[in-house]
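Note sheet for the following structure.
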């Protein structure tokens, strides 16, 4: 395949992925907006009004970046995990495997679909937050960089989950028992400086802490961790996950009966 043919193949997979989640937008785009509205209302408005500012930022404004990032993480992950596993379950993935497409194009197409859904949902939740508060945006470029990198990381994670999963039940195990706790303990609703020293150290093991704080730095210029470390971790995760997914696809792991 020449470059033009590869580009057509890649764009076809991306269009298929975008059409899939936009066709059922009431199940993919609308629920995050409703869920996060409840978080803004309960944690931000009702509870947050009784809490002091964090780093000179009101509690309502403080949780906005975390809730947007949580939406980006969950949707980029779930989009690829559900889509790729559905292709496995329906055996339509075999059409891609027997085609001249390389695994690099297949991975890039699915990841781009997850990236787009993650960013769209994140933007929708940010727009919803404007009904409750008007957050400051100090570094829009940094915000976009973290959204893109985080979406790619968790889209790759969703692909890895789908490759290993043998049933739809297994698709939900990782998000429920690993991703969700890490997200809630990743500084979405609090600053780790409010924790005892021991738990501050433990929190720094959580990779999502670096995503949330890097994203928050783009809004308010405050962070509990180094921004350079956060970006370096994201890039490292992307490189490792890309090679791991390609290795598993080349071996046929989870694809061959």
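Numbering (my numbering), first residue to last: 79 to 335. Yeah, the Cβ is synthetic: ideal placement off N, Cα and C, and Gly gets one too. These figures come from a predicted structure and were not determined experimentally.
| field | Those residues which DSSP pairs with residue 135 across a bridge | value | 132
| What is the DSSP secondary structure of residue 294, reduced to helix, strand or coil? | Here residue 294 sits in helix by DSSP.
| query | Just checking my contact of residue 243 with residue 163 at CB under 8 Å: how many whole Å lie between their CB atoms? | reply | Between residue 243 and residue 163 the beta-carbon gap is near 5 Å, inside 8 Å, which marks them as a contact.
| task | Return the chain-ordered list of same chain residues with a C-beta closer than 6 Å to the C-beta of residue 270, the five sequence neighbours on each side being excluded. | result | Listed in chain order, the non-local C-beta contacts of residue 270 below 6 Å within the same chain comprise 278, 281, 302, local neighbours out to five positions each way being set aside.
| request: Using the Cα positions of residue 90 and residue 292, report the straight-line distance between them to the nearest angstrom. | output: 33 Å
| With distances taken from CA atoms, which of 181, 86, 152 is nearest residue 328? | 181
| message | Please report the straight-line C-alpha distance between residue 239 and residue 188, rounded to a whole angstrom. | response | 13 Å
| Top-ranked residue by Cα proximity to residue 140, from 258, 294, 333 | 294
| request: Would you mind sorting residue 262 into buried or exposed? The rule is 16 or more other CB atoms within 10 Å of its CB. | output: exposed
| message | Given a cut-off of 9 Å on the beta-carbon distance, is the pair residue 235 and residue 252 in contact? | response | yes
| query | Roughly how many angstroms separate the alpha carbons of residue 206 and residue 80, rounded to a whole number? | reply | 44 Å
| query | Can you tell me whether residue 153 is buried or exposed, with buried defined as 16 or more other CB within 10 angstroms of its CB? | reply | buried
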